[in-house]
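Step one of this worksheet: look at the structure below.
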Amino acid sequence: MPVLTDSEFLRKTPLFELEQELGAHFTAFAGWELPLYFSSILSEHRSVRMRVGIFDVSHMGKIWISGPTSSNWLNRILPRDLSSVPLGKGVYTFFLSETGGILDDLIAYRIDSTRWLCVVNASQREKDLAWLRTFLEPGVALEDATEAYAIVAIQGPLFRSLLESAFEHTPRLPPRFGIWPWECQNDSWIARTGYTGEDGVEVLVPRPSVERVFRRLCKAADELGGRPCGLGARDSLRIEAGLPLVGQELTPDRTPLEVGGEIGISLEKTANFPGKQTLQEQQRQGVHWKLMAWESLPNTPLARAGSPIFGENGQVGWITSATYSPIFERPVGMGYVAQDQAREGKGLTTEVRGKRVSIFLRARPLYRKRDTYEHS
7 MPVLTDSEFL RKTPLFELEQ ELGAHFTAFA GWELPLYFSS ILSEHRSVRM RVGIFDVSHM
67 GKIWISGPTS SNWLNRILPR DLSSVPLGKG VYTFFLSETG GILDDLIAYR IDSTRWLCVV
127 NASQREKDLA WLRTFLEPGV ALEDATEAYA IVAIQGPLFR SLLESAFEHT PRLPPRFGIW
187 PWECQNDSWI ARTGYTGEDG VEVLVPRPSV ERVFRRLCKA ADELGGRPCG LGARDSLRIE
247 AGLPLVGQEL TPDRTPLEVG GEIGISLEKT ANFPGKQTLQ EQQRQGVHWK LMAWESLPNT
307 PLARAGSPIF GENGQVGWIT SATYSPIFER PVGMGYVAQD QAREGKGLTT EVRGKRVSIF
367 LRARPLYRKR DTYEHS
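Numbering-wise, the sequence shown is residues 7 to 382 according to our numbering.
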């Protein structure tokens, strides 16, 4: 009887064999075998900030929600007000527990009058589907399209040039958070979204077509000094940009108000969505914890997620994410701190290998790209 390796138990994206050909170094993530890096995490990070990078994010969950009452149904169960979302637009929001805890974050795209596309985290996809089914009613249908479609993210200041070079025409780009059919590939969509802090797009492509698309993008990227990128750079980029991740910043014992105020929620909407009463009470009383960015001095050892954060009189929080920033050339990250400590420039300490290390609180995001989104 043959012995199965760990890799054989992991799901593969439709780009797995091409990524092997391109020299990817793989890692396990949320039940998938995904590229950690191709060249190096640092070079890929810099490529996205300075030029352009291409990411295979096909592992992300893709859930179609359709039916004549799908918009009203989704608006009743999500905390964001969807009633005024126009066709061809996406919004950032959450799936919440009855106590307001974060089960997952997502982008909900309104494709047309009877159809939405929810892009969710790979680690939560099955739980998200089960959660949605608990509210299901006649007139609404769910379809898990995770295996049917791939997603490729093109991110960085030269993303327009890359698309133009790869597909030999000037791309018609949606506005920020917009989505519409992609003219370069049948049955595909292009969205002005990303997870890096840079301008860029994400394209949703049928599984059989994505290898051809990815090859063309890689060839054009090479000519522009860009490159394919892996999960390592995706993580360091999102930390610099102050973007939270499920399982680290976003957990069932934290609420959207602690993460970022009222981003992703609409407490004034009439629908009694899960967790609404808890969030309203928390809004009245104020939050105890606040998610902040932080940085250390150059050449400081890197703290780990879960490390305590200390003030003068003991622990005042904990680190949720940490990385070395190629842009700021120092350790940076995010963490929850007590509200009375959550001030820009506040000096605190954490613990690295049994020794105290200074950190300084910063507003999120640490890295802010000049806003280049427009209706193009």
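Glycine included, each C-beta is placed from N, C-alpha and C at the ideal position.
Here DSSP, grouped into helix, strand and coil, assigns Ile-60 to strand. The stretch 152 to 165 and the stretch 42 to 61 touch, with three or more beta-carbon pairs separated by less than 8 Å. Of the candidates Arg-374, His-294 and Phe-366, Arg-374 places its Cα closest to the Cα of Ile-333. The alpha-carbon separation between Asp-62 and Gly-320 amounts to approximately 43 Å. If one requires a minimum length of 3 residues, the beta strand (DSSP E) runs lying completely within the stretch 255 to 332 are 295 to 301, 314 to 317 and 320 to 331, in chain order. Beta bridge pairing from DSSP links Glu-357 with Arg-362. Pairwise C-beta distances place the stretch 119 to 137 in contact with the stretch 65 to 80, as three or more of them are shorter than 8 Å. The alpha-carbon separation between Ser-46 and Gly-232 amounts to approximately 13 Å. In the DSSP annotation of this structure, Cys-190 is not part of any beta strand (DSSP E), being labelled neither H nor E. In this structure, Pro-20 sits near Val-216, with a CB-CB distance shorter than 8 Å. Contact between Leu-24 and Glu-39 is absent: CB atoms are separated by about 13 Å, not below the 8 Å threshold.
Among the bridge pairs identified by DSSP, Gln-161 is matched with Gly-59 and Gly-206.
Annotated as proximal: Ser-103 and Pro-258, with beta-carbon spacing under 8 Å. Counting C-beta atoms within 10 angstroms of its own C-beta, Glu-174 has fewer than 16 neighbours from the protein chains shown and is therefore classed as exposed.
In the DSSP annotation of this structure, the continuous segment of the alpha helix (DSSP H) that includes Glu-25 starts and ends at 22 to 27. By the Cβ test, the stretch 322 to 332 is in contact with the stretch 243 to 260, since at least three Cβ pairs between them sit closer than 8 Å.
With a beta-carbon spacing of about 5 Å, Trp-300 and Ile-365 fall inside the 8 Å limit used to define contacts.
In terms of Cα proximity to Leu-93, the closest of Lys-352, Leu-148, Ala-159 and Gly-184 is Gly-184.
The distance from the Cβ of Met-298 to that of Arg-368 is about 7 Å, consistent with a contact at the 8 Å cut-off.
Following the DSSP letters along the chain, one finds Ala-239 inside the alpha helix (DSSP H) bounded by residues 237 to 246.
Separation of Pro-314 and Pro-262 (C-alpha to C-alpha, rounded to the nearest whole angstrom) is 22 Å. Counting every other CB atom within 10 Å of its CB across the protein chains shown gives Thr-276 a total below 16, marking it as exposed. The DSSP-derived three-state label of His-31 is strand. In the DSSP secondary-structure assignment, Val-125 is bridged to Lys-68 and Ile-113. When secondary structure is reduced to three states using DSSP, Glu-229 falls in the helix class.
Per DSSP, the beta bridge partners of Tyr-98 are Ile-113.
Leaving aside the five residues that flank Ala-151 on each side, the residues in its chain whose CB is nearer than 6 Å to its CB run, in chain order, Lys-68 and Trp-70.
DSSP lists Ser-331 as the beta-bridge partner residues of Arg-336. Annotated as proximal: Glu-208 and Gly-200, with beta-carbon spacing under 8 Å. Contact annotation: Val-252 and Asp-110 have beta-carbon atoms nearer than 8 Å. His-51 counts as buried, since no fewer than 16 other beta carbons sit within 10 angstroms of its beta carbon. Only residues of its own chain outside the window of five on either side were considered, and among them Pro-304 have a CB closer than 8 Å to the CB of Glu-335, listed in chain order.
Non-local C-beta neighbours of Val-126 in its own chain, meaning closer than 6 Å and more than five positions away in sequence, comprise Gly-67, Asp-110, Leu-112 and Asp-134, ordered along the chain.
With 16 or more neighbouring CB atoms inside 10 Å of its own CB, Gly-96 falls in the buried class. Thr-99 places its beta carbon less than 8 Å from that of Gly-270. Within the same chain, Cβ atoms closer than 7 Å to the Cβ of Thr-75 are found at Gly-145 and Val-146, the five residues on either side in sequence being excluded.
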